[in-house]
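Data first, discussion second: the structure below is written as structure tokens.
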Amino acid sequence: MRLFLWFLLCGVTVFAQKKNESYQYHIREADAPLKIDGLENDAAWQTTETAKDFFMITPMDTSLSRAKTEVKMCYDKNNLYIIAINYKPVKGALVVESLKRDFNFGNNDNFFIVLDTFEDLTNGFSFGASAAGAYWDGQEADGTFINLNWDNKWHGATKNYDDRWVWEAAIPFKSIRYRPDQTRWGINFSRLELTINEKSAWAPVPRQFQSANLGYAGVLVWDKPLPPAGKNISLIPYALTNVSKDQIKKTPADWKPAIGGDAKIALNSSLNLDLTVNPDFSQVEVDVQQTNLDRFELFFPERRQFFLENADLFASFGFSTLRPFFSRRIGLGVPILFGARLSGKLDKNWRIGVLDTQTREQGDLPAQNFAVVALQRKVFARSNVGILMVNKESLDYDEQIHKSTGRYNRNIGAEFNLASANNIWTGKATVLKSFSPHLSGNDVAISSLLNFNKANLFWQWRYEYVGENYNAEVGYVPNAARRGYQMAVPNVGYLFFVNSQSLISHGPLLQTTLFWNKSSKLTDNETTLTYTFNFRNRATGVVGVASNYVQLLAPFDPTNTGREKLAAGTNHNWKSAGMDFTSSPRARLTYAFSARYGGFFANGTRLNLKTTLGYRFQPYVATKFSVDYNKIQVPYLKTPVELWLVGPRVDITFTNSLFWTTFVQYNSQAKNINLNTRLQWRYQPASDLFIVYTDNYLPENLMVKNRAIVLKLTYWWNV
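Reminder that position 560 of the sequence shown reads as 643 in my numbering, one-by-one numbering, no gaps.
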């Protein structure tokens, strides 16, 4: 309760008016037609206001940008138009990885716009391009995070010259959500120029924050209220054929044609209904595998399009280790029959999200229904309070047949998210309760977080309590196996900013992670002290030491390879040291390496070496080769255990609408080699043809375990 009152006090005392209120762009209706071709000669552009004089964010935030940028905007009844003229500080210079859509922001010269369409300083949209013409679009939540897995239908063009590159785009009002009667949006423009290692923005943003931070957005002033977007119904059907064969079982090839699709129905300009029938996600990129030496579950992000719009309403509830809802629990390995999602704004202050999906019965799993309801209310300048309800229900449930799951699991929760107007204070407090058959009492989880972040001083305090009967079957709680615990994670860091030709800043970070069991006895303590160096060319280096204490709560094989397990209740202490270095993204050859050496479980030792090498033949080919090597020596095992994770990858972008990606992953811990190659042709905006080929091999003899090929066609049709 004290922490909650402290949050409220912060909200009342440090929230103020909009930081960059004085940065205003006045947009007017176009007085002539526009052609989206990347040229600056349209008559409409000659009479619009120009945004210029960008401010530097990095390496320093105390001066104007050295890279000159000019931006113009206008609109008509259907589209918002933008043109950005990015003058090159070094003539002929160009730093890009490839033409891949939703590129890595930090590795490409680029420009993007952020739109806070409700001017709530929290939720928005982002559109942009790299200097080579690769598209970028995403949906923003929490005022800082842009989800690039969100895609929508819009059109842009890029032209490159010796002294500048120009990006021009038309963004349909139907592709974004807004309130029709508003005459103000939040807005900012951001540019990254790797030639001189500079990031800049039109409305100034402190260097410790992302340039997309909506708390520092300026104001887009419309000459008149916008009308509603009008009828906005999109149908996105697909058709596919999938041929697969299990070589181990020697079964005949399995041919599975399928049809299905999605529908997007705008109930108004700010509220959207998404429907899906027999969805298929075979074209989604494979997960990047990880070597697992932990006792608990690893996290892999959601990439499926149906679950992404306004995903923060559902997925951001809670914390990274305490989420009551995690959409990857739905439909992985079990077919989804249909689903519906209602999400968006009720007005400037209220947001709503309702999600319902139905899966098919398969094996010993019954048909299941997953329903989620989220409601969020803005308070103060940028904070909000919210509630979440999650229900997993097994249909036609038979306890004797369906032994692998329960009849139901439910979660309810309330949350307060803190974000000060200047973003220096952030945090949240969450209370959750679960309902499950045969579990009652001690089924509550409580967590809180408070961050302070100035340019040079930053600290954090996080606390988490999870009752031994708290159960989130549709969530992500990797530490739930502890069966009741408390966790505290304090950390503090400091940066020294220096006037140097090679270094921007350096400084220490001290962090401790503590776990106690239900009897308040300490079971884990990991303390790390690191020192970071931030270079002017955007390279980074870190050195550090760590001290670990673990009391095993259950038998555990520290190699996770099926070898002999250490006994529950045993205590383990060790120390280690390490270093990391990531090179400048400006060079065509990039690299990163990491090294760790020290103690391990059972008085053993562990050596961990990681490296990633990348080379780009810009702008068409980007290659990457990564290696993760572990050598574990523990006295009770006669021989050392060596684990390899090797992953070469090639991205070929023939144009900004034709992409080919090949990814190979060798994982000795999983005893598997995976090959995944995907060809994507975006034959018109948001409509694609995919050809995906996948193989899995046994490492010892390269025998094929299984293989599959998918041909999938999608089409975005605006009704």
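We put the CB at the ideal spot given by N, CA and C, even for glycine.
Here the structure is a predicted model, which is why all the values come from computation and not from measurement.
Rounded to the nearest whole angstrom, the C-alpha separation of A423 and F383 is 23 Å. W268 is positioned such that its CB atom lies no closer than 8 Å to that of I254. Judged by their CB atoms, R460 and V473 are not nearer to each other than the 8 Å cut-off. If you look at A346, you'll find it in the beta strand (DSSP E) that goes 337–349. When rounded, the separation of the alpha-carbon atoms in F598 and A571 is 7 Å. Non-local beta-carbon contacts of T644 in its own chain, meaning distances under 7 Å to residues more than five positions away in sequence, involve V724, Q752 in chain order. Considering only I110, W219, A564, A127, the residue with the shortest C-alpha distance to P116 is A127. Shown here, R260 sits in coil according to DSSP, grouped into three states, outside any helix or strand. The closest CA to that of I735, considering only S603, Y632, N124, F186, is found on F186. Of the candidates P768, R274, W764, W764 places its Cα closest to the Cα of F742. In the assembly as shown, D370 is an exposed residue. Its beta-carbon has fewer than 16 other beta-carbons within 10 Å. Per DSSP, A670 lies in no alpha helix (DSSP H) and is assigned neither H nor E.
In the assembly as shown, A212 is a buried residue. Its beta-carbon has 16 or more other beta-carbons within 10 Å. Of the candidates S426, V456, V462, F421, F421 places its Cα closest to the Cα of T442. Excluding five sequence positions before and after Q543, the CB atoms of its chain that fall closer than 6 Å to its own CB belong to N534, N574, given in chain order.
Note on K428: 16 or more other CB atoms within 10 angstroms of its CB, so buried under the neighbour-count rule. Residues L198, T200, F208 of the same chain have their beta carbon placed closer than 7 Å to that of I259, with the five preceding and five following residues left out of the count.
Here the alpha carbon of V304 sits roughly 20 Å from the alpha carbon of G226. With a 10 Å radius around the Cβ and a threshold of 16 neighbouring Cβ atoms, M139 comes out buried.
Taking Y299 as reference, the option from A217, A336, K314, E202 with the minimal CA-CA separation is E202. Linking N243 to A214 through their CA atoms gives a straight-line distance of about 7 Å. According to the DSSP assignment, F499 belongs to the beta strand (DSSP E) that extends over 491–502.
Following the DSSP letters along the chain, one finds A240 inside the beta strand (DSSP E) bounded by residues 238–243. Across the set N325, Y749, M662, the C-alpha of M662 shows the shortest separation from the C-alpha of V626. Secondary structure of F186 (DSSP, three-state): coil. A538: not part of any alpha helix (DSSP H); DSSP gives it neither H nor E. Non-local C-beta neighbours of D640 in its own chain, meaning closer than 6 Å and more than five positions away in sequence, comprise R646, K648, ordered along the chain.
In this structure, the CA atom of T241 is about 33 Å from the CA atom of D363. In the structure shown, the three-state DSSP call for P561 is helix. Here R790 is bridged, per DSSP, to K328, D778. The alpha-carbon of T738 is positioned some 17 Å away from that of N193. Beyond the five residues adjoining it in sequence on each side, E385 comes within less than 6 Å, by CB distance, of S410, R411 in the same chain, given in chain order. In the assembly as shown, N539 is an exposed residue. Its beta-carbon has fewer than 16 other beta-carbons within 10 Å. Of the other Cβ atoms in all chains shown, 16 or more fall within 10 Å of the Cβ of T744; this residue is therefore buried. Between Q107 and V302, the C-beta spacing is below 8 Å. If you check the CB distance, D264 and P308 come in under 8 Å.
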